[in-house]
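Structure record follows, encoded as structure tokens.
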Amino acid sequence: MEMQATTTPPLLRLLQVSQIEPAGETTSSASSRKSHAATARASEHPLGALPVVVPTPGVAALTAASVLGAASGSTPELPPATTVPLLRTSRTIIVIVQICGMLFFSSFCNGIIVVGLPAMQHELGLQEGLLVWPTSSYYLTAGSCLLLAGSIADVVGTKRVNLVGSLLAAVFALGCGLARSEGQLIGFRAVQGLANAIITPSSISIISNNVREGRPRNLGFASMGFTQPLGFCFGLVLGGVFIDTVGWRPAFYLAAAASVALVVVGIWALPRDVPRSAQSRSVWKRLASEIDWTGVLLASAGLAMLSYVLASLSADINEIRKAASIVLLILSGFSIPAFVLWMHYQGKHNRTALIPNSVWRNHVFTSSCLMVLFTNALTNCMELYSSLFFQSVQGNSALQASIRLLPSFVAGVAASLSTGIFVHRMPVMWTVLISCVASAGAPLLMALVPIDQIYWKNAFFGQILTPIACDLLFTVGLLIISDNFPKHMQALGGAVFNTCAQIGVAIGLSVTQVIASAVTNDSPFENKSSPEALMRGYRVSFWIMFGWMVFSCVVCVVGLRRVGAIGAKRD
1 MEMQATTTPP LLRLLQVSQI EPAGETTSSA SSRKSHAATA RASEHPLGAL
51 PVVVPTPGVA ALTAASVLGA ASGSTPELPP ATTVPLLRTS RTIIVIVQIC
101 GMLFFSSFCN GIIVVGLPAM QHELGLQEGL LVWPTSSYYL TAGSCLLLAG
151 SIADVVGTKR VNLVGSLLAA VFALGCGLAR SEGQLIGFRA VQGLANAIIT
201 PSSISIISNN VREGRPRNLG FASMGFTQPL GFCFGLVLGG VFIDTVGWRP
251 AFYLAAAASV ALVVVGIWAL PRDVPRSAQS RSVWKRLASE IDWTGVLLAS
301 AGLAMLSYVL ASLSADINEI RKAASIVLLI LSGFSIPAFV LWMHYQGKHN
351 RTALIPNSVW RNHVFTSSCL MVLFTNALTN CMELYSSLFF QSVQGNSALQ
401 ASIRLLPSFV AGVAASLSTG IFVHRMPVMW TVLISCVASA GAPLLMALVP
451 IDQIYWKNAF FGQILTPIAC DLLFTVGLLI ISDNFPKHMQ ALGGAVFNTC
501 AQIGVAIGLS VTQVIASAVT NDSPFENKSS PEALMRGYRV SFWIMFGWMV
551 FSCVVCVVGL RRVGAIGAKR D
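Reminder that position 22 of the sequence shown reads as 22 in my numbering, one-by-one numbering, no gaps.
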């Protein structure tokens, strides 16, 4: 089927039918989906996969590409036919376990760093000004490299890219355990962040393209959501056990060994990369022509500079007065309009654009990105300031504070699994709105908590409510990407979504820390380290988080009001 000429720009026409409403599905789109399902049932792949033949992009196929702006020429050219293997149930389970296992042990290492930092400082001689960097270097590279990794995965192939990232994660988890200096530890952690940036978008693409629609795919995305906080939680607990017995290094050895085993499983289990066509150009030529390298440079450099400045501010608020920080902050600010202008230029000249400006015209996708930004900021800030409240204000030990945070992780797992099972049965707006209202109660409870109140009143319920919106939105957002982005750009779509989450964490932590410190220093208490003085700053931070969630509720109602249920199996 050839593309039909039309006087109406395809983007404007297609955005009208891309709002994910079941009632709004076009006839051609429905018939295309029925054709896919019929083909899937007709034959069986020898490796346990059901092939689906996707026809040449026409009007129906463009509905999926509408978010990216088909009229802009921003999407790589597709071949006449592409075979996409849909995995059987048994193979699906193995693939999801492998993907989630790599994400689990990546977060497991983060937990080890948090709980083991004092021991690492003592053994490696970490300077006071560098204490934040074993953690910050990870998030700096993870956040700034997501878009690049997603773009490469869509061109080179998701299995290849995923295995490269998994191997890097295994090798440098071992490297962290073998580190003999502060520089080595920080450098190895930075590469671990790069590995996570490589694994995440390719994993999203694999689940989106190769796992059946409906509950299997929903649970796949939900599992990706809850395994990361679960891994962090296990890292905190087991890391503490290792540190108190055999030391922190064996904890990294455990993560490395498990990751190597998962790499071996991935070599066999992950679905093979489907070639574009028999006459496809070489990978190097496709990398040169199908990736917007200027856009990648602008986005990655801007995010890296912003992340560096924010990480420096988290370590010492006075860093903002240094010339280097000011210059980097200005350059990162200029990178935003420069990126927007470059995307406009590429689209105007019908060239490949990293993230076409037309993407943000889709209210559903834009609203989802905004909400995931604020909900991730909330979750991470609540974790930090709740821990500070339990330790610095109420005088609990680090172990006691960790135990008080555990209900948050349990609630996050429950929220993710429930979303995967039931998301297709409720309109998206109401599902997300209820979760945002619930999570808004978490900072509200902590903002009102008396200093000497027992844990089982405000604080306990605050921990339970914290992760609900974040974990639910992770699954919902990935389902929206799965429904709206074309199959050959699923990794990039996931990268955009996760980049928004990383930006939210970086900005949220820095903004709340700056404001909390300023309020504490301006408090009337003579001892600025007293529980009363610290609580003044913490309360303001909790109120700021509450404001984020109120704003998220407004965005939900405005942006998702026309969206029906998602994640249902299509016949």
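Where a beta carbon is used, it is the ideal one built from N, C-alpha and C, also for glycine.
Bounding residues of the alpha helix (DSSP H) (the contiguous stretch that carries residue i)
| i | result |
| --- | --- |
| LYS528 | Element bounds for LYS528: n/a, residue is neither H nor E. |
| PHE105 | 89–124 |
| LEU560 | Premise fails: LEU560 is in no alpha helix (DSSP H) and is neither H nor E. |
| MET224 | 215–245 |
| TYR455 | Counting along the chain, TYR455 falls outside any alpha helix (DSSP H), and DSSP gives it neither H nor E. |
| ASP154 | 146–156 |
| SER485 | What sits at residue 485 in the sequence shown is Phe, not Ser. Looking at the DSSP string, PHE485 is not in any alpha helix (DSSP H), and its letter there is neither H nor E. |
| ASN210 | 182–210 |
| ILE267 | 249–269 |
Spatial distance of residue i from residue j (CA atoms)
| i | j | result |
| --- | --- | --- |
| SER136 | ALA353 | 30 Å |
| GLY412 | LEU341 | 39 Å |
| ARG581 | GLY193 | Nothing about residue 581 can be read from this structure; the chain reaches only from 1 to 571. |
| SER259 | VAL155 | 25 Å |
| LEU388 | LEU448 | 16 Å |
| PRO450 | ARG539 | 10 Å |
| ILE204 | MET343 | 24 Å |
| SER435 | SER300 | 32 Å |
| THR466 | ALA440 | 8 Å |
| ALA269 | ARG91 | 7 Å |
| LYS487 | ALA338 | 28 Å |
| GLY493 | ILE152 | 12 Å |
| ASN380 | LEU303 | 19 Å |
| PHE546 | ALA190 | 32 Å |
| ALA173 | ALA119 | 17 Å |
| VAL283 | HIS349 | 24 Å |
| PRO250 | GLY239 | 9 Å |
| GLN400 | PHE461 | 17 Å |
| ILE113 | ASP316 | 19 Å |
| THR499 | GLY295 | 15 Å |
| TYR138 | LEU254 | 19 Å |
| GLY347 | SER289 | 15 Å |
| THR227 | GLN513 | 27 Å |
| ARG217 | ALA323 | 49 Å |
| LEU329 | LEU147 | 20 Å |
From the options, residue whose alpha carbon lies closest to that of residue i
| i | options | result |
| --- | --- | --- |
| MET102 | MET426, ALA257, ARG536 and ARG281 | ALA257 |
| PHE232 | LEU313, ALA288 and GLU383 | GLU383 |
| LEU117 | PHE104, LEU163 and PRO134 | PRO134 |
| LEU445 | PRO337, TRP268 and SER541 | SER541 |
| LEU378 | LEU328, ALA506 and GLY333 | ALA506 |
| GLN98 | ASN110, ASN521, VAL264 and ILE113 | VAL264 |
| TYR385 | LEU298, VAL428 and TRP543 | TRP543 |
| ILE481 | VAL164, LEU124 and SER208 | SER208 |
| LEU140 | GLN127, MET305 and LEU124 | MET305 |
| PRO407 | VAL550, GLN463, SER517 and SER552 | GLN463 |
| SER325 | LEU146, SER312, PRO524 and THR520 | SER312 |
| ALA495 | GLY508, SER510, GLY477 and VAL511 | GLY477 |
Cut-off 6 Å between Cβ atoms - residues of its own chain near residue i, not counting five sequence neighbours on either side
| i | result |
| --- | --- |
| ILE96 | GLY220 and SER223 |
| SER392 | LEU534 |
| ALA149 | ALA197, ILE198 and PRO201 |
| MET371 | LEU473, SER552 and VAL555 |
| THR366 | TRP360 |
| GLY177 | ARG249, PHE252 and TYR253 |
Same chain only: Cβ atoms within 8 Å of residue i, ignoring 5 sequence neighbours per side
| i | result |
| --- | --- |
| GLN453 | ALA459 |
| ILE94 | VAL265 and ALA269 |
| VAL550 | ALA440 |
| ARG561 | MET429 |
Close-in-space but distant-in-sequence residues of the same chain around residue i (CB under 7 Å, 5 per side omitted)
| i | result |
| --- | --- |
| HIS363 | GLY559 |
| ARG160 | ASP273 |
Enumerated in chain order, which unbroken segments of the beta strand (DSSP E) with a length of 3 residues or greater are wholly contained in the stretch 290–338?
Those beta strand (DSSP E) runs which fall completely within the stretch 290–338 and span 3+ residues do not exist here.
Would you list, in sequence order, the uninterrupted alpha helix (DSSP H) runs of no fewer than 4 residues that lie entirely inside the stretch 368–431?
Within the stretch 368–431, the complete alpha helix (DSSP H) segments of 4 residues or longer fall at 398–422, listed in chain order.
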